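Below is one structure, written out as structure tokens, with a few remarks after it.
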Amino acid sequence: MRVPMTEYLFIDLDTERWICRICAHDFGDARGNYKEGTLVYDRDPREIHPPVIDPEKYEFTFSPDPAFCRILEFYCPTCGTQIEAEYLPPGHPPTVDMLWDIDSLREKWEAHGGNPEEVVNYGPGENAVTDLSARFDSVSHAQPGHAGHTHREGAH
17 MRVPMTEYLF IDLDTERWIC RICAHDFGDA RGNYKEGTLV YDRDPREIHP
67 PVIDPEKYEF TFSPDPAFCR ILEFYCPTCG TQIEAEYLPP GHPPTVDMLW
117 DIDSLREKWE AHGGNPEEVV NYGPGENAVT DLSARFDSVS HAQPGHAGHT
167 HREGAH
């Protein structure tokens, strides 16, 4: 059973793994930090926030100083989808932004009885209820041991 946790991340409760909602890449143990399975781009904050005033004339330009701030972007290594971004001081490790009680999450969804992929209807694409199962068909069959439930619009 895959539970959408963010617009780009599932937790597969059967395998207890973080999974990309776009390409089904496995980011690692769902009891750990999914960021460990991503590609990380350490950005110079001036690329995102260029100086508003002339840096030749002014010391403070409304642009973050890279000596005090960095931007980490986390990407899926398979499909290139940006999963997360965060601002940190240089040298600070990536944050752990989600820790879940997997056993409790599983209990709640089993008691609910519904399919979390149908109940939690937000995610990638223009239409928040877009059916992404077709994207998992070929990946599910290609990865041994992947317990992928597929659902097609109109099929029950």
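The numbering used here applies: residue 17 is where the sequence shown begins, and numbers increase by one.
We put the CB at the ideal spot given by N, CA and C, even for glycine.
Every value quoted in this text rests on a predicted model; they were computed, and no experiment measured them.
Can you give the beta carbon distance from residue i to residue j, rounded, assuming they're within the 8 angstroms contact cut?
i, j, result
"Ala46", "Ile118", "6 angstroms"
"Ile35", "Asp28", "5 angstroms"
Give me whichever residues DSSP pairs with residue i in a beta bridge.
i, result
"Ala101", "Glu89"
"Tyr57", "Glu89"
"Ala121", "The residue you asked about is not Ala; residue 121 is Leu in the sequence shown. According to DSSP, Leu121 bridges with nothing at all."
Determine the DSSP secondary structure at residue i, reduced to helix, strand or coil.
i, result
"Gly44", "strand"
"Asp30", "coil"
"Ile35", "strand"
"Pro67", "coil"
State yes or no: is the C-beta of residue i within less than 9 angstroms of the C-beta of residue j?
i, j, result
"Tyr24", "Leu55", "no"
"Asp60", "Arg86", "yes"
"Gly66", "Tyr103", "For clarity, residue 66 is Pro in the given sequence; the question names Gly instead. No, the pair does not count as a contact, with Cβ atoms beyond the cut-off."
"Phe84", "Val68", "no"
If you draw a straight line from the C-alpha of residue i to the C-alpha of residue j, how long is it?
i, j, result
"Ala127", "Ser120", "10 angstroms"
"Arg33", "Glu63", "34 angstroms"
"Pro110", "Cys95", "21 angstroms"
"Lys73", "Thr97", "39 angstroms"
"Pro93", "Tyr50", "12 angstroms"
"Asp42", "Asp30", "13 angstroms"
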